[in-house]
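Q: Residue numbers (the working numbering): 602 to 935. Quick reminder that beta carbons are idealized off the backbone N, C-alpha and C, glycines included. Remember, it's a predicted structure, so these values are computed and weren't measured experimentally. Pasting a structure below so you can have a look.
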C-alpha cells in the first residue's frame, strides 16, 4: 500500500524539479521512510542518473504483467530510461506515452511505501492529465526559480492541479541566490499556498547529481542539504492534513439505472443515468447529441483521480468524463 502520492511539477523545464525530487527522496529515506520515485518525464528521464540503480527493474515471475522497480540506495524507482538504449531518443506518440504512465502507476509492484514521489514532465499536456486522472494523488508541489519570469509557466502547473482537484501542498523555490527575485514568495501570496522552502544554490548539488552521489553522504553538510531535510519535514507535516482516509464523495451504482453519490458533508444524490448521459461532456456529444435509449443502464463507474467520474454505459457514449463539480451541482433527488 502506498500511503501518500506526491506530485512534483514546474510547468517548464530547467528549474531543477527532478533534482528536488531526487534529493527529497534521499532526505525521506534518511528519516527511515519507505520511498519510491516515479520518473514520469518520459521524453527526458533523468532520475536514474541522479539515483543510480543497484538493481534494475525485474519482471515478476509469478505475474508477467507486473514488474518490480529498480532499487537505488533503498529507494524504489521506475523510469523510461530503464527501457531504452543509452542516449536513445524517446519518440513516443501520446497514446503510447499514456499507456506507459498507466503501467508505471498500476503494473509496478511498489509494495508498502510511506510516500511515492512523482516527477512530472514539463508542461500541462496528455501525460500530466493522465497522471492526475489515473493516480489518486494526495497532493502536489510546484517548483519555481526566484526570477519572476519563471512564474509564467509555474502558474499553469498550479492551474492544472486546481482543475483536477489535487491539493497544492506548497511551493519550493529552487536555486535561491543564483537568480535575482522572490518569485516563490510572490506565488505563495498569489495562490494562498505556503512557501515550504527556498533551496539555496549550491554547486555541490550539481556535482552530486552529475556523479550520482548523495548530497547527504558528504563529510560537511551544506546549506542545500539542510534545506532539503527541512523541506522533507515540512512536507510530512503538511501531508498529515491531506489524508486520503476519507473520500470526498463515494460513487456507486444503486442499481443498473441509477448513480448514487454520498458526499463527506452528508449530502446524498441519486442521478438517473439517462439524464446523466444526456449531459455527456465529450466534444462529440456536445456538437452532435445522439439519441439516448431509455431506460439507460451502466456497467460500472470509475473515479478519475480526484476530479471526475467515468461511467461505462451499456449503450451509447461512454467517452465523457463527468467533473465532480458538475455532479455536485446536480439537483438533489432525495
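Which residues does DSSP list as the beta-bridge partners of residue 923?
A: Per DSSP, 910.
Q: Which whole runs of the beta strand (DSSP E) in the stretch 620–676 are 3 residues long or more, in chain order?
A: Counting whole runs of 3 or more residues, the stretch 620–676 contains the beta strand (DSSP E) stretches 636–640 and 671–673.
Q: State the Cα-Cα distance for the pair residue 703 and residue 725, rounded to the nearest angstrom.
A: Going by the C-alpha atoms only, they are around 17 Å apart.
Q: With 8 Å as the threshold, decide whether the Cβ of residue 924 is near any Cβ in chain B.
A: This model lacks chain B altogether, as it is built from one protein chain only.
Q: Could you check the C-alpha separation between residue 635 and residue 627 for me, to the nearest Å?
A: Residue 635 and residue 627: Cα-Cα distance of roughly 10 Å.
Q: Spatial neighbours of residue 830 within its chain, please: C-beta separation below 7 Å, excluding the five flanking residues on both sides.
A: Only 628 meet the Cβ criterion.
Q: How long is the line joining the alpha carbons of residue 709 and residue 927, rounded to whole angstroms?
A: Their backbone Cα atoms lie some 33 Å apart in a straight line.
Q: Just checking my contact of residue 711 with residue 771 at CB under 8 Å: how many whole Å lie between their CB atoms?
A: The Cβ separation is near 24 Å, so there is no contact.
Q: Verify whether the separation of the beta carbon atoms of residue 800 and residue 834 is less than 8 Å.
A: Contact flag unset, no.
Q: What is the residue span of the alpha helix (DSSP H) that residue 915 lies within?
A: Here residue 915 belongs to no alpha helix (DSSP H), and DSSP marks it neither H nor E.
Q: Following the continuous beta strand (DSSP E) through residue 871, name the residue where it begins and the one where it ends.
A: Unbroken beta strand (DSSP E) run through residue 871: 869–873.
Q: How would you call residue 617, buried or exposed, if buried means at least 16 neighbouring beta carbons within 10 angstroms?
A: The residue in question, residue 617, is buried, as its Cβ has 16 or more Cβ neighbours within 10 Å.
Q: Count the other CB atoms, across all protein chains shown, that sit within 10 Å of the CB of residue 894; report buried if there are 16 or more and exposed otherwise.
A: Under this definition residue 894 is an exposed residue.
Q: If you follow the alpha helix (DSSP H) that residue 699 is in, where does it begin and where does it stop?
A: Taken as a continuous stretch (DSSP letters only), the alpha helix (DSSP H) holding residue 699 covers 695–707.
Q: DSSP on residue 714, reduced to helix/strand/coil?
A: Residue 714: strand per DSSP, three-state reduction.
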